[in-house]
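Heads up: the structure comes next, in structure tokens.
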Amino acid sequence: MALNFVKRLAGFAFVAMLAAPAAAQQPLTLDDLMKMTDEQIRQVPGDQLKQLLVFPTQQASGLPASQPFFRGAPGTSSGSPSGFGAAWRDGFVGGGSQQGRGGTDYDGSMAFGFGLGNAKDAVGLEVVVASLGTFRSGLYERSAFSFKAHHAVSASASIALGVENAFATGGGDDTDPSVFVAGTRVLSFPESPFKQVTISGGIGNGRFRFQKDFEADKKTINFFGSVGATFHEQASAFADWGGQDMTVGLSLVPIKAFPVILTPAIADLTGQNGNDPRFSLGFGIGMKF
């Protein structure tokens, strides 16, 4: 149960970072950018353009820009990979708890990460260190390292290639890598109750396989995807297919002045794995250094 749960933790943390407010001298939005000519775009200060490309979701809604150390806005998924990722000077931490499959007791774990590189001009690299141990068995007695290279192809779209559980420390043989490719597109609807819709999808092996293939250790690949709709600057709803089961939930920022992102969700909603739906609660927070 711990390993399956940890594989979702990155999503709880990442949404805090990817949807965080951007730093800019003027409140430039994606709507403004899309109306510009190529020549006008070239005149946009580099820092503003970079923030629009790396952190598109908050800007797409037209919300004010800011530059706090702690940053947070509602996310759009619960663990399936996104085409966007953290880059240089970005950091995040997340964790959570959920009931184990088959009705076993609740447990939880944590993950943290940081970004390197430049996703706009070249490639960003996201690094995540997840605990394979839980609150019960001991956090970070065993750890898994995951990596994601990502590139922003436009102001509202990004692609990524990554590997989860690339290697682990602390022993054990249940940390096989999962390789994936993913893409994300952010759609802006300023006049709609849902100010923006974020669509992500991709394919991968390892933990993204159907449960029957995973248990039989068949070397197959499978698709994953998520759709998230932001209906308030502090709230969004999402549906997330992780390859083995469906999760639906909310992403909330209860206190705007202290943006910890909470993600209550229901996992195994479709019963694909022969399990009853399970409640989970995650948290995440992003930082800009």
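Following the numbering used here, the numbering of the sequence shown begins with 28 at its first residue and continues without gaps. No residue lacks a Cβ here, since even glycine has one placed at the ideal position from N, Cα and C. The structure presented is a predicted model; accordingly, all values stated were derived computationally and were not measured.
Within the same chain, and ignoring the five residues on either side of alanine 264 in sequence, the residues whose Cβ sits closer than 6 Å to its Cβ are Ala256 and Leu277.
Apart from the 5 residues on each side of it in sequence, alanine 176 sits with its Cβ closer than 6 Å to the Cβ of Val150, Leu152 and Leu188 in its chain, given in chain order. By the criterion of at least three beta-carbon pairs nearer than 8 Å, the segment 242-258 is in contact with the segment 217-224. Between the C-alpha atoms of leucine 143 and glycine 106 there is a straight-line separation of about 21 Å.
Under the Cβ criterion (8 Å, minimum of three pairs), the segment 114-128 does not count as touching the segment 193-212.
The three-state secondary structure of lysine 147, taken from DSSP, is coil.
Rounded to the nearest whole angstrom, the C-alpha separation of glycine 298 and aspartate 244 is 21 Å. For glutamine 238, the closest of Asp272, Ala209, Val155 and Val206 by C-alpha to C-alpha distance is Asp272. When DSSP states are grouped into helix, strand and coil, glutamate 191 belongs to the strand group. Residue pairing by DSSP places serine 227 opposite Thr211 and Ser253 in a beta bridge.
Judged by DSSP in its simplified three-state form, lysine 175 adopts strand.
By the beta-carbon neighbour count (other beta carbons within 10 angstroms, threshold 16), alanine 146 is buried. Burial is judged here by how many other beta carbons sit within 10 angstroms of a residue's own beta carbon; lysine 283 has fewer than 16 and is exposed. Aspartate 303 is classed as exposed because its beta carbon has fewer than 16 other beta carbons within 10 Å across all chains shown. In the structure shown, the three-state DSSP call for glutamate 242 is helix. Beta bridge pairing from DSSP links valine 206 with Val190.
Counting along the chain, serine 107 sits inside no beta strand (DSSP E), nor does DSSP assign it H or E at all. For leucine 279, same chain residues with a beta-carbon under 6 Å away, outside a window of 5 residues either side, are Ala262 and Leu289 in chain order.
Assignment of phenylalanine 316 by DSSP, reduced to helix, strand and coil, places it in the coil class.
Counting of Cβ neighbours within 10 angstroms places phenylalanine 250 among the exposed residues, the total staying below 16. For phenylalanine 172, the closest alpha carbon among the candidates Arg212, Leu159 and Gly165 is that of Leu159.
Isoleucine 288: member of the beta strand (DSSP E) spanning 288-294, first to last residue.
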